[in-house]
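Worksheet: one structure, shown below.
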Amino acid sequence: MIRFEKVTKTYAGMGHPALDQVSVDVDKGEFVFLVGASGSGKSTFLRLILREYRASSGRIYVAGKEINRLAGWKVPRLRRSIGTVFQDFRLLPNKTVSENVAFALQVIGRSRSEIATLVPETLELVGLEGKGDRMPDELSGGEQQRVAIARAFVNRPMILIADEPTGNLDPTTSVGIMKLLDRINRTGTTVLMATHDAGIVDQMRKRVIELDDGRVIRDQAQGVYGFQH
Amino acid sequence: MQLRYVFSELGQGLRRNLTMHVAVVLTLFVSLTLVGLGVLLNQQADKAASYWGSQLQITVWLCKEKDDNPACTGEVTDAQKQAIEKVTKDNPEVADYHFESKEQAFEKVKELLGPDKFQGPNPAATAADMPQSLWITLKDPDQYKGITSAVVGLDGVSGIRDARQTLKPLYGSINALQWGALGTAAFLVIAALLLVANTIRLAAFARRREIGIMRLVGASTVYIALPFLLEALVTALIGVTLAAGGLGAFMYFGVHQRIEGKLNFIPWVGGSEYVVAVIAIAILGPILTLLPTLVLTRKYLKV
Ligand SMILES: Nc1ncnc2c1ncn2[C@@H]1O[C@H](COP(=O)(O)OP(=O)(O)OP(=O)(O)O)[C@@H](O)[C@H]1O
Ligand SMILES: [Mg+2]
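This is the structure:
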């Protein structure tokens, strides 16, 4: 599903690469944790999959397509097949929960009737039934992250990317979010999650890829967090 | 494509940046009006030139009793007039000619300056003070050197007046006004471009969250840029409409009601020239707002 072949990414004006000759292969339906110290390149890894940047060298395949060579106008199509969740939720404060989720479908031109069925369905999936008319600031952090996950998943993407989705949440709330991501993963969606949360990684026992200074130093099935800050 | 979002964004965008949009519209209004005026003046110059060019007359003043020209030896004689007429008639540049008597000249002067000055015991001039003249109509307004040089040295000729010398100041002022209008418009066009650019920057900033999410979920670039382009188009259309109205008012109250009646020795621009001017600004206006929008949305909304 996702394949990195000797991918190097050096940001403009930086002498040192943020990712250095990274080769990784992620199958469809896998759940992968990306761990590593701050600045090790986790977010860079995820952003390359979204084609927010192009790799400096090497090849990146997403669903069989080499995305480095993708024409600019085809990038939106790639992103429609990838859901994304961030630490800071990124909800639109002046829209209700339902509108926030519907927004992701509206702007890619899905029909009204599709939106009318997909949005409530997805809100129920993430455990927010009955809260569709709330505004984001009337929700707890955990609930806001569920809205963000609903928005990322409402188009039923093949891949879900989560960059420290529990970074702003307390441990109990985080567990709820992880259960949700696990459920989404079990629908067949490939999940990639960057995290600093040792407890969660150790508990889930999923594949762990550890980055250090832009290099893969560990790639372990059913791994643990495995290093101290 | 679902355009509900685009149109609600358009309304919101216009309201959110109202002051900027008003500034853009006003600048467009003034600059487009000036451009329209420039186009009208250009056509006016063409119109006047074609009219005067086709009827261009050269006037040959003949000697009178006490002529200012020392070459004259008193009133032109019939023999001299016949010689002058023969040269004129034989010249290939001449289409037509006629003589004007002292009385006819006197009538013209009276008409131009008003009859009052020429009545009573001390008139400003009498018919006797006027020169006789020969009015030559050229075949080609640009071909006049042959006839003027042939006539100028003849006995009984005091001087030659080329009508173009009289019309030069008129053409000159039309030309000056035209370039003045277009030059001022050029500065305002730059101001309009900068204002549009600034408006887009503000709008992109105000909508950065939405834009970020749209890019993330895979909205197409066109879709993201559409509200900006529509905003640009709406402000352009308002600016063009105002400018067309301004030019229309100028044509009616200025040209039609004031100038046309008083200065009727040249033909004035009318409806068809107005249409040409409006078409010009209707093309220019949207270009002025859409061009910077396209360039900047590419920059700010890059995926
Ligand atoms: N847009 C950018 N321009 C220049 N350098 C960048 C940019 N983004 C990241 N970097 C650099 O690339 C390196 C890797 O950054 P990255 O954000 O991928 O790390 P990370 O593992 O996600 O860190 P964290 O755990 O703090 O989120 C860092 O040295 C960072 O300073
Ligand atoms: Mg990061």
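Keeping their order, the protein sequence lines are chains A and B.
Numbered continuously in the numbering used here, the first sequence closes out at residue 1710.
Numbered continuously in the numbering used here, the second sequence closes out at residue 809.
The beta-carbon is built from N, C-alpha and C at its ideal position, and this holds for glycine as well.
- Boundaries of the beta strand (DSSP E) around A/T1489: 1483-1490.
- At least one C-beta of chain A is nearer than 8 Å to the C-beta of B/V723.
- In chain order, the residues positioned with their C-beta nearer than 7 Å to some heavy atom of ligand 2 are A/K1523, A/S1524, A/D1644, A/E1645, A/A1675.
- Under DSSP, A/E1691 shares a beta bridge with A/V1516, A/R1699.
- Fewer than three beta-carbon pairs drawn from the region 737-757 of chain B and the region 1618-1636 of chain A are found closer than 8 Å, and the two stretches are therefore not classed as touching.
- Judged by DSSP in its simplified three-state form, B/Y511 adopts helix.
- The three-state reading of DSSP puts B/E599 in coil, since its state is none of H, G, I, E or B.
- Here B/N548 is buried. Its C-beta has 16 or more other C-beta atoms within 10 Å.
- When 7 Å is used as the limit between beta carbons, A/I1589 is near these residues of chain B: V723, G724, A725, in chain order.
- The beta carbon of B/L748 is closer than 6 Å to those of F535 in its chain, skipping five residues each way along the sequence.
- When 8 Å is used as the limit between beta carbons, B/I744 is near no residue of chain A, the shortest such separation being about 27 Å.
- Under the 10 Å beta carbon count, A/R1632 is surrounded by 16 or more other beta carbons and is classified as buried.
- Residue burial is scored here from C-beta neighbours: B/P598 has fewer than 16 other C-beta atoms within 10 angstroms and is therefore classed as exposed.
- For B/Q638, the three-state secondary structure derived from DSSP is coil.
- With a contact defined as Cβ atoms closer than 8 Å, A/K1490 and A/Y1534 qualify at about 6 Å.
- Proximity of B/G718 to chain A, defined by a Cβ-Cβ separation below 8 Å, is satisfied.
- Look at the beta carbons and you see the region 1509-1521 of chain A touching the region 1677-1689 of chain A: at least three pairs across the two are nearer than 8 Å.
- Rounded to the nearest whole angstrom, the C-alpha separation of B/I696 and A/R1560 is 38 Å.
- Annotated three-state conformation of A/F1567 is strand, per DSSP.
- The criterion of a C-beta distance shorter than 8 Å is not satisfied by A/M1674 and A/A1544.
- Put simply, the backbone Cα of A/D1508 is about 18 Å away from that of A/T1565.
- The continuous beta strand (DSSP E) containing A/A1643 extends over residues 1640-1644.
- When the five nearest sequence neighbours on each side are left out, no beta carbon in the same chain lies closer than 6 Å to the beta carbon of B/R804.
- A distance criterion of 7 Å places the beta-carbon of A/A1536 beyond contact range of ligand 1, judged by its closest non-hydrogen atom.
- In the DSSP secondary-structure assignment, A/Y1542 is bridged to A/R1484, A/E1547.
- Listed as beta-bridge partners of B/D668 by DSSP are B/I564.
- Following the DSSP letters along the chain, one finds A/Q1626 inside the alpha helix (DSSP H) bounded by residues 1622-1634.
- CA-CA distance, B/P792 to B/T799, rounds to 10 Å.
- Take B/V582, set aside five residues on each side of it, and the residues of its chain with a beta-carbon closer than 7 Å to its own are L568, C569, Q638, G662, in chain order.
- Relative to ligand 1, even the nearest heavy atom lies 7 Å or more away from the CB of B/S778.
- At a cut-off of 8 Å, the C-beta of A/P1557 has a neighbouring C-beta in chain B.
- Across the structure, B/A687 and B/I706 are spaced so that their CA atoms are roughly 28 Å apart.
- Separation of B/L807 and B/L673 (C-alpha to C-alpha, rounded to the nearest whole angstrom) is 56 Å.
- Interface annotation for the region 1667-1684 of chain A against chain B: empty, criterion Cβ-Cβ distance under 7 Å.
- DSSP places A/M1674 inside the beta strand (DSSP E), whose first and last residues are 1671-1675.
- B/P675 is classed as exposed because its beta carbon has fewer than 16 other beta carbons within 10 Å across all chains shown.
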